[in-house]
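S.K.:
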Amino acid sequence: MKIVIQRVKSASVTVDEELISSIGRGLLVFAGIGHDDTEKEAENLVNKVLKAKFWPDEDGKPWKKNVQDIEGEVLCVSQFTLYGKMKKGNKPDFHDAAKPEIARRVYDHFYNKMSSSYKPERVKNGVFQAMMEVELKNDGPVTIEINTNLPKKEPKEPKADTNDESGEGDEPINPMATSQRSRVFFDIKIGQQEAGRIAFELFDDVVPKTADNFRALCTGEKGIGQQGKPLTYKGSIFHRVIKQFMIQGGDFTAFNGTGGESIYGEKFPDENFELKHDRPFLLSMANSGPGTNGSQFFVTTVATPHLDNKHVVFGEVINGKSIVRKIENMATASDKPKTDVTVVNCGELKGEDYENAHKRVQDATGDPYEDFPEDHQAEELTAPLAFKIASDLKGFGNTAFKSGDLQLGIEKYQKGLRYLNEFPETGEDDENKEVAEQMKSLRFTLHSNSSLLANKVANFNDAQKWAGYALQIADAAKAKDADKAKAYYRRAVALIGQKEEDSALKDLQAALKLAPNDVAITNEINKVKKAVKDREAKDRKAAQKFFS
Numbered sequence: 143m144k145i146v147i148q149r150v151k152s153a154s155v156t157v158d159e160e161l162i163s164s165i166g167r168g169l170l171v172f173a174g175i176g177h178d179d180t181e182k183e184a185e186n187l188v189n190k191v192l193k194a195k196f197w198p199d200e201d202g203k204p205w206k207k208n209v210q211d212i213e214g215e216v217l218c219v220s221q222f223t224l225y226g227k228m229k230k231g232n233k234p235d236f237h238d239a240a241k242p243e244i245a246r247r248v249y250d251h252f253y254n255k256m257s258s259s260y261k262p263e264r265v266k267n268g269v270f271q272a273m274m275e276v277e278l279k280n281d282g283p284v285t286i287e288i289n290t291n292l293p294k295k296e297p298k299e300p301k302a303d304t305n306d307e308s309g310e311g312d313e314p315i316n317p318m319a320t321s322q323r324s325r326v327f328f329d330i331k332i333g334q335q336e337a338g339r340i341a342f343e344l345f346d347d348v349v350p351k352t353a354d355n356f357r358a359l360c361t362g363e364k365g366i367g368q369q370g371k372p373l374t375y376k377g378s379i380f381h382r383v384i385k386q387f388m389i390q391g392g393d394f395t396a397f398n399g400t401g402g403e404s405i406y407g408e409k410f411p412d413e414n415f416e417l418k419h420d421r422p423f424l425l426s427m428a429n430s431g432p433g434t435n436g437s438q439f440f441v442t443t444v445a446t447p448h449l450d451n452k453h454v455v456f457g458e459v460i461n462g463k464s465i466v467r468k469i470e471n472m473a474t475a476s477d478k479p480k481t482d483v484t485v486v487n488c489g490e491l492k493g494e495d496y497e498n499a500h501k502r503v504q505d506a507t508g509d510p511y512e513d514f515p516e517d518h519q520a521e522e523l524t525a526p527l528a529f530k531i532a533s534d535l536k537g538f539g540n541t542a543f544k545s546g547d548l549q550l551g552i553e554k555y556q557k558g559l560r561y562l563n564e565f566p567e568t569g570e571d572d573e574n575k576e577v578a579e580q581m582k583s584l585r586f587t588l589h590s591n592s593s594l595l596a597n598k599v600a601n602f603n604d605a606q607k608w609a610g611y612a613l614q615i616a617d618a619a620k621a622k623d624a625d626k627a628k629a630y631y632r633r634a635v636a637l638i639g640q641k642e643e644d645s646a647l648k649d650l651q652a653a654l655k656l657a658p659n660d661v662a663i664t665n666e667i668n669k670v671k672k673a674v675k676d677r678e679a680k681d682r683k684a685a686q687k688f689f690s
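Add 142 to the 1-based position in the sequence shown for my numbering, that's all there is to it.
1) With respect to the alpha helix (DSSP H) encompassing PHE252, which residues constitute its N-terminal and C-terminal limits?
2) Contact defined as beta carbons within less than 8 Å: I believe PHE602 pairs with GLN549. What is the distance between those atoms, to the nearest angstrom?
3) Looking at the strands, I want to know which residues DSSP matches up with ARG325.
4) Taking DSSP's pairing of strands, which residues face CYS360 in a bridge?
5) Report the residue from ASP412, ALA353, LYS468 whose alpha carbon sits nearest the alpha carbon of GLU336.
6) Rounded C-beta distance between VAL150 and LYS261? I'm assuming under 8 Å.
7) Can you give the beta carbon distance from GLU666 to ALA634, rounded, assuming they're within the 8 Å contact cut?
8) What residue does the alpha helix (DSSP H) around ARG264 start on, and which one ends it?
9) Is the region 526-539 in contact with the region 549-568, if contact means three or more CB pairs nearer than 8 Å?
10) Going straight from the alpha carbon of PHE543 to that of SER590, what length do you get?
11) What does the alpha-carbon distance come out to for the pair LEU161 and ARG264?
12) With a floor of 4 residues, list each alpha helix (DSSP H) that falls wholly inside the region 551-619, ordered by position along the chain.
13) Assuming SER699 is part of the beta strand (DSSP E), what are its boundary residues?
14) By Cβ distance, which residues of its chain are closer than 8 Å to LYS536, with the 5 residues on each side in sequence left out?
15) Applying the criterion that 16 or more other CB atoms from any shown protein chain within 10 Å of the CB defines a buried residue, is PRO422 buried or exposed?
16) Cβ of LYS266 within 6 Å of any heavy atom in the ligand NAP?
17) Hey, out of VAL459, ASP238, GLN210, ARG246, whose CA is closest to GLU343's CA?
18) Using the Cβ count rule (16 or more neighbours within 10 Å means buried), how would you classify ALA616?
19) Let me make sure I understand the geometry here. Which of LYS193, LEU224, VAL219, LYS203 has the alpha-carbon closest to that of GLU213?
20) What runs of the beta strand (DSSP E), each 3 residues or longer, lie entirely inside the region 393-442?
21) Alpha carbon to alpha carbon, how far is GLY392 from SER378? Give it in angstroms, no decimals.
22) Is the separation between the beta-carbon of ILE405 and that of ASN355 shorter than 7 Å?
23) Measure the CB-CB distance between TYR225 and ALA239 and report whether it falls below 7 Å.
24) Which residues mark the beginning and the end of the beta strand (DSSP E) in which SER715 is found?
25) For HIS448, which three-state DSSP category applies?
26) Name, in chain order, the residues that DSSP records as bridge partners for ALA153.
27) When you compare the CB positions of GLY692 and PHE345, do they come within less than 7 Å of one another, or not?
28) Check whether the Cβ atoms of LEU425 and VAL441 lie closer than 7 Å to each other.
29) Which runs of the beta strand (DSSP E) at least 3 residues long sit entirely within the region 195-230? Give them in chain order.
30) I need the DSSP call for LYS501, collapsed to helix, strand or coil.
31) So what's PRO293 in DSSP terms, helix, strand or just coil?
32) Measuring alpha carbon to alpha carbon, tell me which of VAL599, MET273, VAL219, TRP197 ends up nearest ASN498.
33) Measure the alpha-carbon distance for LEU187 versus VAL155 and round it to whole angstroms.
34) Measuring CA to CA, which of LYS190, THR484, PRO411 is closest to PHE397?
35) Contact check, TYR375 vs PHE328 under 8 Å by CB: the rounded distance?
36) So, with DSSP's three-state summary, where would you put PRO314?
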């Protein structure tokens, strides 16, 4: 196994113009896997990286401190081209690089071991088998290569399959293209609303039997099972959701966690426990004890190490993480979502769909941010950055509103609030005082705007709630009287929509005090008074008829 270590002031990885990972001061580590490399070599190199003394001490004495001593960060990048050779012709070949199934397994172990041996939040990763753009700002002339398996002499070069004796026609052999992990998808509907697509990559190279079970249940290629039901996830639901833990599905026979079956029969044994539950968005088998794997699975939403050596990890989410988060945050009763989450379609990804499976699809607003702040990995989420993102999201919400996509507008406003809520109590010190005031004001605006759009789509319950939130923080946000009047007016409209005219009238009168010249408020008061008068007259007439 080969690694190249670069001491850096900063480094980042971008794929398809999307920032994947970035670090500040620390180490950028390129790692290449050879044919015979194993997890043992990976662990040895992790130990070397974390203990290598690349920095001076406080007195300026060189080579005294390692990356842990300075609390630096580590960015790991898979790089099979470290095994490239140019002995013949002008083009490199990569005969000595491991096949992708081996390389992926050993590299994942290298990264996971680095993360668990140091601090997970300080160890970042690239994207295996992707066309990565790596940028760095070096921290002095410190570039180190370590090779765990240097040969005593150069091995005999394999013969190329070519008639060009000069070697000029040799094409590089890319080991990453010889074999690929399976990729599959779920198209999800929440209630009657299309939620989008979740794409998974399966770890065929580590747990081939378990991975193929899931793949075949996505395609439905095995026909009818022993229980007389089609062996497919299509039409099944996510029947169990626990926030800050996991979402579970796969019971396509009973739909409640008691059914399902595998393509091998009702149950099949645990294949191995090589992969660990060390991060969110891993795909793992649900079971009722050792050797009881069927069709049920779960997706982690946090690291769940207590499940290691009990459940078989066999894949991960590579796209649609926001849908997983949306499901995770749904209202539940006895852990079952109150609104059905259905797999309306599923299958295997091939060709161009396979290649593009990991690409995040931006909506019409151009919003580039993760839907949930806990999945934001581009850089450390500070209060000023959260404010910037939330401000951008307010703009995206306004864009959606103007285009007539009211539901999308609501989603953007609520997403902005999620980022602000990462910092509910921003410090009042000199450095953060200004951003704290800005966040309060923006929080008020996002709640009030959410209420406006919710009223327009007749979601009066949420409209009332969101306007109420705005009014609760109006004074702290130093909201103007005109803006507070809007919030009262919007809550009143929501109350009218719920036939609560008396309460609505109180809010309208409060709004009129703040904006006495607002014609819309005056007109609404007159309409509500008439509605109350008509209702009372109707009630009296009904009472008279009853006693006559």
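We put the CB at the ideal spot given by N, CA and C, even for glycine.
M.R.: Concretely, from the data shown:
1) According to the DSSP assignment, PHE252 belongs to the alpha helix (DSSP H) that extends over 242-259.
2) That pair is no contact at about 15 Å.
3) Looking at the DSSP assignment, ARG325 forms a beta bridge with GLU343.
4) Residue pairing by DSSP leaves CYS360 without any beta bridge partner.
5) Ranking ASP412, ALA353, LYS468 by Cα distance to GLU336 puts LYS468 first.
6) Wrong, their Cβ atoms sit about 18 Å apart, outside the cutoff.
7) Contact flag correct, Cβ pair sits at about 7 Å.
8) Neither: ARG264 is in no alpha helix (DSSP H) and is coded neither H nor E.
9) Yes, the region 526-539 is in contact with the region 549-568.
10) Each residue's alpha carbon lies about 14 Å from the other.
11) For LEU161 and ARG264, the distance between alpha carbons rounds to 17 Å.
12) Complete alpha helix (DSSP H) runs here, min 4: 575-598, 602-614.
13) Not covered by the structure: residue 699. The range shown for the chain is 143 to 690.
14) These residues qualify, in order along the chain: LYS554, TYR555, GLY558, LEU584, THR587, LEU588, ASN591.
15) By the neighbour-count rule (16 or more Cβ atoms within 10 Å), PRO422 is buried.
16) With respect to the ligand NAP, the structure offers nothing, as it holds no ligand at all.
17) Cα-wise, what sits closest to GLU343 is VAL459.
18) Buried, by the Cβ-count rule.
19) The candidate whose alpha carbon is nearest that of GLU213 is LYS193.
20) Segments of the beta strand (DSSP E) lying fully in the region 393-442: 424-427, 439-442.
21) Rounded to the nearest whole angstrom, the CA to CA distance from SER378 to GLY392 is 6 Å.
22) Between ILE405 and ASN355, the C-beta gap is smaller than 7 Å, which places the two residues in contact.
23) With contacts defined by Cβ atoms closer than 7 Å, TYR225 and ALA239 form a contacting pair.
24) The structure shown has nothing for residue 715, since the chain only spans 143 to 690.
25) Three-state result, HIS448: helix.
26) Partner(s): ILE165, LEU278.
27) Lying outside 143 to 690, the shown extent of the chain, residue 692 is not represented and no answer is given.
28) With respect to the 7 Å criterion, LEU425 and VAL441 are classified as neighbours on the basis of their beta carbons.
29) Qualifying beta strand (DSSP E) stretches, in chain order: 215-220.
30) LYS501 falls in the coil class under three-state DSSP.
31) In this prediction, PRO293 scores a pLDDT of 43, lower than 50, which makes its location untrustworthy; no coordinate-derived value is stated.
32) Distance check between ASN498 and each of VAL599, MET273, VAL219, TRP197 places MET273 closest, using alpha-carbon atoms only.
33) Looking at the two C-alpha atoms, the distance is approximately 22 Å.
34) Comparing Cα-Cα distances from PHE397 to each of LYS190, THR484, PRO411, the minimum goes to THR484.
35) Between PHE328 and TYR375 the Cβ distance is about 7 Å, and since that is below 8 Å, they are a contact.
36) Unreliable positioning characterises PRO314 in this predicted model, as indicated by a pLDDT of 34, which lies under 50. The coordinate reading is nonetheless provided below. Coil, per DSSP.
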